[in-house]
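Asker: Take this structure first; my questions come after.
Shown next as C-alpha cells:
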C-alpha cells in the first residue's frame with residue numbers, strides 16, 4: 044500500500060500538482076529552492092563522488108528548448124547531470140515511487156523533477172516534457188529507460204527520443220562515469236548537438252533512428268572521461284525489455 048498522503052491531507056495544492064502534474068504549467072522550478080538545491084548538490088557531489096570539472100558545458104545552448112540525453116547507471120544520475128548543466132535549470136523525469144513520500148516529493152519537485160511510471164508508455168510524463176521543451180526549457184532524459192547494472196550501453200527507447208524531433212529542440216549528448224563507484228571520482232562531459240539531418244520515414248522510424256544516434260554520440264563521449272570503448276546499440280528497446 045502506498046504511503047502517499049491523501050489529497051485532503053495536503054495543506055498546499057502545490058503538493059498535489061507535484062505528485063500528479065498534468066501539464067508543463069504544473070512543473071516549475073522554485074527559484075530560491077533551486078539556488079539552495081544547487082549549493083547542496085554541489086557540496087554533495089564534490090565530497091561524496093569527488094566530482095571533477097565538467098567538460099563541454101559550452102555545447103549547451105543558453106536559451107531555447109534543450110534535450111540532454113545521457114547514459115544511466117545510478118539513481119543519482121539525474122541530479123548529477125542537472126547540476127552539471129548549470130547555469131541552465133534542468134528538468135528531469137524521476138520514477139513515480141519517489142513522489143509517494145511527501146518530503147521527497149516537495150524537494151525534488153521544486154527542483155524540477157516530475158514523475159514517470161516505468162514499464163509503460165506514460166503519456167502524461169511525455170506531454171509534460173514536450174510542454175517544457177516548447178516553452179524553451181532544458182530537459183534531461185535517459186534513452187535507455189533504466190539503469191545499466193554492468194555499465195554497458197543498453198538499447199534505447201524510441202519514445203523518449205521522439206522528444207528531440209521538433210525543429211526547435213537541440214539534442215545534447217552527455218556521458219557520465221565514476222558515479223557508479225562508491226567514492227568516484229565522477230566525471231561529466233557534454234558533446235555537440237546530435238544531428239537530425241537525414242531522418243526519414245514515419246515519426247516512429249525517425250524517432251528510432253534518432254535514438255540510435257543519441258546512443259552513438261554518448262558512446263563516443265564515454266572514453267574521453269575514462270569510460271569503456273564499446274560499440275553503440277544498433278537495436279531499439281521495447282516494453283518487453285523491462
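Residue numbers (this note's numbering): 44 to 285.
Note that the Cβ used here is the ideal one computed from N, Cα and C, for glycine as well.
Please read all numbers here as calculations on a predicted model, not as lab measurements.
Pop quiz: residue 112 and residue 280 are said to be a contact at Cβ under 8 Å. What is the actual Cβ separation, rounded to whole angstroms?
Answerer: With a Cβ gap of about 14 Å, residue 112 and residue 280 do not count as contacting.
Asker: Look up residue 275 in the DSSP assignment and say whether it is helix, strand or coil.
Answerer: The answer is coil: DSSP assigns residue 275 none of H, G, I, E or B.
Asker: What is the rounded straight-line gap between the Cα of residue 237 and the Cα of residue 177?
Answerer: Going by the C-alpha atoms only, they are around 18 Å apart.
Asker: Let me know the secondary structure DSSP gives residue 298 once reduced to three states.
Answerer: No answer is possible for residue 298: it lies beyond the span of the chain, which begins at 44 and ends at 285.
Asker: If you measure between the beta carbons of residue 264 and residue 234, is that distance less than 8 Å?
Answerer: Yes, Cβ-Cβ distance for residue 264 and residue 234 is below 8 Å.
Asker: Could you round the C-beta distance between residue 124 and residue 183 to whole angstroms and report it? I think they count as a contact, below 8 Å.
Answerer: Yes, residue 124 and residue 183 are in contact; Cβ-Cβ is about 5 Å, under 8 Å.
Asker: Could you tell me which uninterrupted alpha helix (DSSP H) segments, each at least 4 residues in length, are contained entirely in the segment 186–260, listed from first to last along the chain?
Answerer: The segment 186–260 contains these whole alpha helix (DSSP H) runs: 201–204.
Asker: Residue 112 lies in the beta strand (DSSP E); which residues open and close that run?
Answerer: Run containing residue 112: 109–113, per the beta strand (DSSP E) assignment.
Asker: So what does DSSP say about residue 98, is it helix, strand or coil?
Answerer: Strand.
Asker: Whose C-beta lies closer than 6 Å to the C-beta of residue 153 among residues of the same chain, with five residues either side of it excluded?
Answerer: Counting only Cβ-Cβ distances below 6 Å, and skipping sequence neighbours, we find 73, 76.
Asker: Please report how far the alpha carbon of residue 195 lies from the alpha carbon of residue 225, in whole angstroms.
Answerer: Going by the C-alpha atoms only, they are around 18 Å apart.
Asker: Given this structure, state the Cα-to-Cα distance separating residue 50 from residue 146, to the nearest angstrom.
Answerer: Reliability of the predicted coordinates at residue 50 is poor, the pLDDT of 37 falling under 50, and the value obtained from them is presented with this limitation in mind. Approximately 15 Å, taken between the alpha carbons.
Asker: Give me the Cβ distance between residue 254 and residue 199, rounded to the nearest whole Å; I'm assuming they're in contact under 8 Å.
Answerer: Residue 254 to residue 199, Cβ: 4 Å. Contact.
Asker: What does a CB cutoff of less than 8 Å around residue 276 pick up in its chain, not counting 5 residues either side in sequence?
Answerer: The answer, listed in chain order, is 196, 197, 198, 199, 255, 258.
Asker: DSSP has residue 182 in a bridge; who is on the other side?
Answerer: 110, 134, per the DSSP bridge assignment.
Asker: Does DSSP put residue 269 in a helix, a strand or coil?
Answerer: Of the three classes helix, strand and coil, the one that applies to residue 269 here is coil, per DSSP.
Asker: In its own chain, which residues sit with a C-beta less than 6 Å from the C-beta of residue 173, not counting the 5 before and 5 after it?
Answerer: Same-chain partners within the cutoff: there are none.
Asker: Report the CB separation of residue 219 from residue 114 in whole angstroms; it is logged as a contact under 8 Å.
Answerer: Contact flag correct, Cβ pair sits at about 6 Å.
Asker: Quick one: using the 10 Å Cβ neighbour count with 16 as the cut-off for buried, is residue 120 buried or exposed?
Answerer: So residue 120 ends up on the buried side.
Asker: Kindly indicate which three-state DSSP category residue 67 falls into: helix, strand or coil?
Answerer: Helix, per DSSP.
Asker: Strictly by DSSP, which residues pair up with residue 156?
Answerer: Answer by DSSP bridge pairing, in chain order: 135.
Asker: State the Cα-Cα distance for the pair residue 205 and residue 65, rounded to the nearest angstrom.
Answerer: Spanning the two alpha carbons is a distance of roughly 19 Å.
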